[in-house]
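This report refers to the structure that appears directly beneath it.
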Amino acid sequence: MSKPYYITTPLYYVNDKPHIGHAYTNILCDTFARFHRFMGENVFFLTGTDEHGEKIDKTARAKGVDTQTFVDSMVPRFKELWAKLGIQYDFYIRTTDEDHKKSVQVILQKLFEKGDIYLGKYKGWYCTPCESFWTKMQLVEGKCPDCKRDVQEIFEDNYFFKLSKYQDWLIEYIEKNPDFIFPESRRNEILGFLKQPLEDLCISRPRTRLAWGIDIPFSKDHVVYVWFDALSNYISAIGYPGNMEEFELLWPANLHMVGKDILRQHTVYWPIMLKALDLEMPGTVFAHGWWTMEGAKVSKSVGNVVDPLELSAKYGVDTFRYFLLREVTLGSDGAYSEDLLIERFNKDLANDLGNLVLRTTSMLERYFGGKIKCVNSGPSKLKDQAFISRDAMIQAMKHFDPRAAISAIWDLIVAANRYVEETKPWALAKEKKIEELGKVLSDLLESVRFSGMMLAPFLPETSVKICGLFGSHPTPTVKDLDVWGVLKPGMTVQKGEALFPRIEEPKS
Ligand code: MSP
Numbered sequence: 127m128s129k130p131y132y133i134t135t136p137l138y139y140v141n142d143k144p145h146i147g148h149a150y151t152n153i154l155c156d157t158f159a160r161f162h163r164f165m166g167e168n169v170f171f172l173t174g175t176d177e178h179g180e181k182i183d184k185t186a187r188a189k190g191v192d193t194q195t196f197v198d199s200m201v202p203r204f205k206e207l208w209a210k211l212g213i214q215y216d217f218y219i220r221t222t223d224e225d226h227k228k229s230v231q232v233i234l235q236k237l238f239e240k241g242d243i244y245l246g247k248y249k250g251w252y253c254t255p256c257e258s259f260w261t262k263m264q265l266v267e268g269k270c271p272d273c274k275r276d277v278q279e280i281f282e283d284n285y286f287f288k289l290s291k292y293q294d295w296l297i298e299y300i301e302k303n304p305d306f307i308f309p310e311s312r313r314n315e316i317l318g319f320l321k322q323p324l325e326d327l328c329i330s331r332p333r334t335r336l337a338w339g340i341d342i343p344f345s346k347d348h349v350v351y352v353w354f355d356a357l358s359n360y361i362s363a364i365g366y367p368g369n370m371e372e373f374e375l376l377w378p379a380n381l382h383m384v385g386k387d388i389l390r391q392h393t394v395y396w397p398i399m400l401k402a403l404d405l406e407m408p409g410t411v412f413a414h415g416w417w418t419m420e421g422a423k424v425s426k427s428v429g430n431v432v433d434p435l436e437l438s439a440k441y442g443v444d445t446f447r448y449f450l451l452r453e454v455t456l457g458s459d460g461a462y463s464e465d466l467l468i469e470r471f472n473k474d475l476a477n478d479l480g481n482l483v484l485r486t487t488s489m490l491e492r493y494f495g496g497k498i499k500c501v502n503s504g505p506s507k508l509k510d511q512a513f514i515s516r517d518a519m520i521q522a523m524k525h526f527d528p529r530a531a532i533s534a535i536w537d538l539i540v541a542a543n544r545y546v547e548e549t550k551p552w553a554l555a556k557e558k559k560i561e562e563l564g565k566v567l568s569d570l571l572e573s574v575r576f577s578g579m580m581l582a583p584f585l586p587e588t589s590v591k592i593c594g595l596f597g598s599h600p601t602p603t604v605k606d607l608d609v610w611g612v613l614k615p616g617m618t619v620q621k622g623e624a625l626f627p628r629i630e631e632p633k634s
């Protein structure tokens, strides 16, 4: 078996239910996963939840529940959302899984024996009322960033991971591998950060302060720092070190999709962890932007969350996916508003796509009882456009640009609508130009069929509906896009439903 395309999402913290930002990352990864399946590749798509650490422990305690019970109660919320959004992942990892914990311990032990982990002093500031430990950078005017009260300077015995030892290697690696970090502006940001000496990473927490974490095999007094635990998931989930056969088939990951706020962990800590373990580097770490509302990042702490379950129930999963993928170029921030979503819906989905499907299939029914009359074997500008769109869509996805990929599909949809206006099938019918009418309709319906297949990675539900009208395979692959002219005289095409009826005002 050839190496599957291995794609990962970050692991989401379970201290609250998922919001639009989390849904965005998973929709992006799902789109790439579907695209690679569409290209005929095997795909392994990993997602999951990050369940250790102080934040989660505190949230559980504030609710008066045992932390394990709390995290167990949160996981179904994530799984339910992924099911509703049609996210086709292959494995869901929880950092509280026994296999994951064992794997993290093996990793720690290896790095400890190699001398890359050592015991040192960790300096920080402690806020007694909040029971929070802060680094100097986190303090606000020397006070606790949460409650603004005084903090006490403390020193702790903790374990450190020797990032500094690998700094020169990492700089050289990033410089020699232009595909490792995208977009380029983020790559430059990381290279800029690496100009300063790298401090070693404190990878433990004293058990007296935080017990909710993975045990450190060489110290009964410490648990593992949550980032070291969480990053290891990308290899623990695929069998490292318990099932090396699976691991060797899947590793290295082709794509780690992450938000721009967690790029440093994925392009500094993580590659150094892998290097220290003598493992290969992942192909690409892509940092996407943030969804904002009225200028602020959508987040639980700001309190401006947008509920993806609610939105997809109101407007449909494909509408939600379409908006997120089409509104911004991958890598940039996007401003979310329901009005913008409705605008996109009415213009692109209702007027362009929905209208094309409905009007072409209705005309076939009206003029020819739903059966293809004849086909156009001569030159066809829609045929030319279909292949241009197909190639552009594929190229755009290979360059991590789903927005441009969708735009390429829309070039065909818009061209087909324009063709209806130019050829005026209703006039041809009136003038009894049956042969010409038959050819025009077959070209239009081929365009609909092509568009429906190309939409599979982006709008999966809509794609299945459109393919269904032609009796085609519900999960097309790129091979189906080799041929224009599958429709033959006598074949039936069903009349489509109104896929996206216009929305006049926000639904309540
Ligand atoms: N648990 C860590 C990741 C560990 S990965 C080994 C974490 N979790 S998180 O739940 O806070 O965030 C997960 C992802 O959601 C991040 O990639 C983050 O960028 C993304 N988003 C959270 N809010 C967001 C927006 N408002 N917009 C877009 N994505 C953002 O970090």
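Quick note, the numbering used here runs 126 ahead of the 1-based positions in the sequence shown.
Built from N, CA and C at the ideal position, the CB exists for glycine as well.
Here residue 139 is near residue 182, since their CB atoms are less than 8 Å apart. Between the segment 396 to 408 and the segment 232 to 246 there are three or more inter-stretch CB-CB distances shorter than 8 Å, so the stretches are counted as touching. Excluding five sequence positions before and after residue 489, the CB atoms of its chain that fall closer than 7 Å to its own CB belong to 551, 567, given in chain order. Judged by DSSP secondary structure, residue 540 falls outside any beta strand (DSSP E) and instead within the alpha helix (DSSP H) spanning 528 to 549.
The C-beta distance from residue 176 to residue 352 rounds to 7 Å, short enough to fall under 8 Å. Comparing C-alpha distances from residue 193 to each of 384, 528, 179, 493 shows the shortest one belongs to 179.
Residues 568, 613, 615, 617 of the same chain have their beta carbon placed closer than 6 Å to that of residue 498, with the five preceding and five following residues left out of the count.
Looking at the DSSP output, residue 455 shares a beta bridge with no other residue.
Looking at the backbone, the Cα of residue 134 and that of residue 559 are separated by about 55 Å. Scanning 593, 587, 570 for the CA closest to the CA of residue 579 turns up 593.
Residue burial is scored here from C-beta neighbours: residue 564 has at least 16 other C-beta atoms within 10 angstroms and is therefore classed as buried.
Pairing residue 414 with residue 480 gives a Cβ-Cβ distance that is not under 8 Å. Taking non-hydrogen atoms of the ligand MSP into account, the C-beta of residue 168 is found less than 7 Å away from none of them. Distance from the CA of residue 328 to the CA of residue 600, rounded to the nearest whole angstrom, comes to 50 Å. If you draw a straight line from the Cα of residue 473 to the Cα of residue 289, it is about 51 Å long.
The segment 437 to 456 and the segment 521 to 531 touch, with three or more beta-carbon pairs separated by less than 8 Å. Sorting 238, 226, 217, 184 by C-alpha distance to the C-alpha of residue 255 places 184 at the top. Nearest to residue 274 by alpha-carbon distance, out of 215, 536, 258, is 258.
In this chain, the alpha helix (DSSP H) harbouring residue 301 covers 293 to 302. For residue 613, the three-state secondary structure derived from DSSP is coil. Within the same chain, and ignoring the five residues on either side of residue 222 in sequence, the residues whose Cβ sits closer than 8 Å to its Cβ are 177, 178, 194, 197. Leaving aside the five residues that flank residue 554 on each side, the residues in its chain whose CB is nearer than 6 Å to its CB run, in chain order, 562, 563. By the neighbour-count criterion, in which a residue is buried when 16 or more other Cβ atoms sit within 10 angstroms of its Cβ, residue 379 is buried. Residue 162: member of the alpha helix (DSSP H) spanning 146 to 164, first to last residue. When the five nearest sequence neighbours on each side are left out, the beta carbons in the same chain lying within less than 8 Å of the beta carbon of residue 266 are those of 274, in order along the chain. In the three-state scheme derived from DSSP, where H, G and I count as helix and E and B as strand, residue 377 is classed as coil.
Counting only the Cα atoms, residue 610 lies some 7 Å from residue 509. Inclusion of residue 424 and residue 462 in the CB contact set at 8 Å is warranted, their separation being smaller than that value. Taking the C-beta atoms as reference points, residue 170 is found nearer than 8 Å to residue 132. Going by DSSP, residue 413 is part of the beta strand (DSSP E) stretching over 410 to 414. Going by C-alpha positions, residue 386 is about 13 Å away from residue 150. For residue 247, the enclosing beta strand (DSSP E) has its first and last residue at 243 to 253. Pairing residue 448 with residue 467, the inter-Cα distance amounts to about 9 Å. Fewer than three pairs of CB atoms, one per stretch, sit closer than 8 Å, so the segment 278 to 289 makes no contact with the segment 297 to 316. Residue 127 sits in coil when the DSSP states are folded into three classes, being neither helix nor strand.
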